[in-house]
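Participant: In the UniProt record's numbering, the protein residues as written are 1 to 396. Glycine is no exception: its CB is placed at the ideal position from the N, C-alpha and C atoms. All values reported here derive from a predicted model rather than from experimental measurement. Please see the structure below; I have some questions.
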């Protein structure tokens with residue numbers, strides 16, 4: 001069905017190329033199947049398109065003063081791009097029905113995101129940062145009033161129609177006035193942050209002298225002072241820094257039985273500084289993965305989480321993992337269905353996977369080993385971690 005449909009639409013044609021990429025069908029969330037072409041070898045020798053993807057922190061600054069927003073997500077975005085004439089054979093893929101090549105940009109080519117960003121920027125060049133921002137296949141229209149927004153949205157939709165772009169209704173939002181709440185850093189991380197706040201932790205005794213037995217617990221004046229000092233530390237530099245697309249960037253990932261953890265950091269003249277922390281509780285299906293795939297999922301999830309930052313980098317970034325077998329994943333010849341889907345997603349990024357011994361990967365492991373994500377541990381379970389200080393103080 002995929003081949004016949006895309007032949008009819010003019011997206012592919014039969015190919016006589018002497019080489020071709022292997023294919024695999026992967027299951028979509030709706031239960032359907034999607035053709036996944038393994039372009040990792042082609043991507044490895046492709047000259048990278050350096051067209052800049054806008055950093056997310058710069059995008060957010062243009063919203064100042066705006067109170068109403070609409071988001072439009074394009075459908076089949078990459079298929080709006082024509083493969084350069086004469087280069088179609090490079091996209092050849094092999095099936096049991098024969099070999100075919102793309103006439104339009106397929107998903108999985110390393111330069112697809114930058115090429116599409118270039119296209120959309122050209123279409124909306126005179127509206128950018130005035131009342132519209134573009135990030136790959138999503139655009140946001142922002143205004144200060146309802147009346148103004150109607151005019152802005154009408155102009156944008158007319159431009160979309162004139163350029164034969166298509167939006168996916170299920171992913172669009174119109175006339176939104178509320179903003180999502182920002183995330184916060186959990187206090188439990190305080191015992192894993194010495195590399196970023198050395199002076200504070202030289203004198204910290206609140207976590208180090210925390211009693212092995214939960215009760216009795218004496219919350220004296222000194223303990224309170226250090227508790228509030230730790231709390232304040234999470235709101236001041238150098239705990240979190242602003243992202244700079246010109247700096248060397250590192251993504252550290254870790255996986256445990258029931259959760260994933262990741263840290264985004266950058267290296268400046270003053271040392272290594274964290275940009276963000278995150279963790280993810282594994283879904284029921286993900287719990288069945290072997291540890292190799294859980295660690296790989298940790299990388300995929302982290303890159304999805306910080307995709308906006310990582311695609312805006314002017315050079316490649318480094319991914320640190322304590323699972324040595326992942327170092328050569330991007331050149332693996334045999335992939336499962338979900339590994340093929342992940343490899344297709346990872347092809348968007350310019351990065352190198354590096355092995356980092358477990359004893360040096362304390363931050364992502366800390367985020368993936370939280371006690372509160374373990375099954376069978378209810379509200380009455382209290383572990384000896386700073387995350388549970390509030391529970392302990394309430395019971396005292």
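Taking the alpha carbon of residue 262 as the reference point, which residue from 295, 243, 285 and 76 has its own alpha carbon closest?
Facilitator: Comparing Cα positions, the closest option is 295.
Participant: Among residues of its own chain, excluding the 5 on either side of residue 38, which ones have a beta-carbon nearer than 6 Å to its beta-carbon?
Facilitator: The answer, listed in chain order, is 21 and 22.
Participant: Return the chain-ordered list of same chain residues with a C-beta closer than 6 Å to the C-beta of residue 327, the five sequence neighbours on each side being excluded.
Facilitator: Excluding residues within five positions, the ones whose Cβ falls inside 6 Å are 353 and 355.
Participant: Comparing alpha-carbon positions, which option in 111, 150, 156 and 134 lies nearest residue 406?
Facilitator: Summary: the structure shown does not reach residue 406, with the chain confined to residues 1 through 396, and so no result is reported for it.
Participant: Helix, strand or coil, according to DSSP, for residue 12 in the structure here?
Facilitator: Note: residue 12 maps to strand in three-state DSSP.
Participant: So residue 273 and residue 241 are in contact, right, with Cβ under 8 Å, and what is the actual spacing, rounded?
Facilitator: That belief holds up - the Cβ atoms of residue 273 and residue 241 are roughly 4 Å apart, short of 8 Å.
Participant: With DSSP as the reference, label residue 284 as helix, strand or coil.
Facilitator: Correct three-state label for residue 284: coil.
Participant: I believe residue 340 touches residue 24 by the beta-carbon criterion, under 8 Å. Please report the beta-carbon distance rounded to the nearest angstrom.
Facilitator: With 8 Å as the limit, residue 340 and residue 24 qualify as a contact, their Cβ atoms being about 4 Å apart.
Participant: Could you give the residue range of the beta strand (DSSP E) that holds residue 36?
Facilitator: From DSSP, the beta strand (DSSP E) with residue 36 extends over 33-37.
Participant: Taking 7 Å as the limit between beta carbons, can you name the residues of its chain near residue 181, skipping five residues before and five after?
Facilitator: Caution applies to residue 181, whose pLDDT of 40 falls short of 50 and renders its modelled position unreliable; the model cannot decide the point.
Participant: Residue 49 to residue 92, Cα distance in whole Å?
Facilitator: Computed Cα separation, rounded: 20 Å.
Participant: Please classify residue 54 as buried or exposed, where buried requires at least 16 other C-beta atoms within 10 Å of its C-beta.
Facilitator: Label assigned to residue 54: buried.
Participant: So, using beta-carbon positions, are residue 123 and residue 163 closer together than 8 Å?
Facilitator: In contact: residue 123 and residue 163 (Cβ atoms closer than 8 Å).
Participant: Roughly how many whole angstroms lie between the Cα atoms of residue 331 and residue 279?
Facilitator: Rounded to the nearest angstrom, the two C-alpha atoms are 27 Å apart.
Participant: In terms of DSSP beta bridges, what is residue 318 paired with?
Facilitator: Note: residue 318 sits in a beta bridge opposite 250 and 352.
Participant: Would you kindly report the start and end of the unbroken beta strand (DSSP E) that includes residue 70?
Facilitator: Here the beta strand (DSSP E) through residue 70 covers 68-73.
Participant: If we ignore side chains and look at the alpha-carbon of each, how far apart do residue 118 and residue 97 end up?
Facilitator: Using only the alpha carbons, I get a separation of about 35 Å.
Participant: Alpha carbon to alpha carbon, how far is residue 256 from residue 324?
Facilitator: Taking the straight line from one Cα to the other gives about 15 Å.
Participant: Per the contact definition of three or more C-beta pairs closer than 8 Å, is the stretch 65-74 in contact with the stretch 166-179?
Facilitator: Cβ pair count under 8 Å is three or more, so yes.
Participant: Hey, how far is the Cα of residue 318 from the Cα of residue 351?
Facilitator: Taking the straight line joining both Cα atoms gives about 5 Å.
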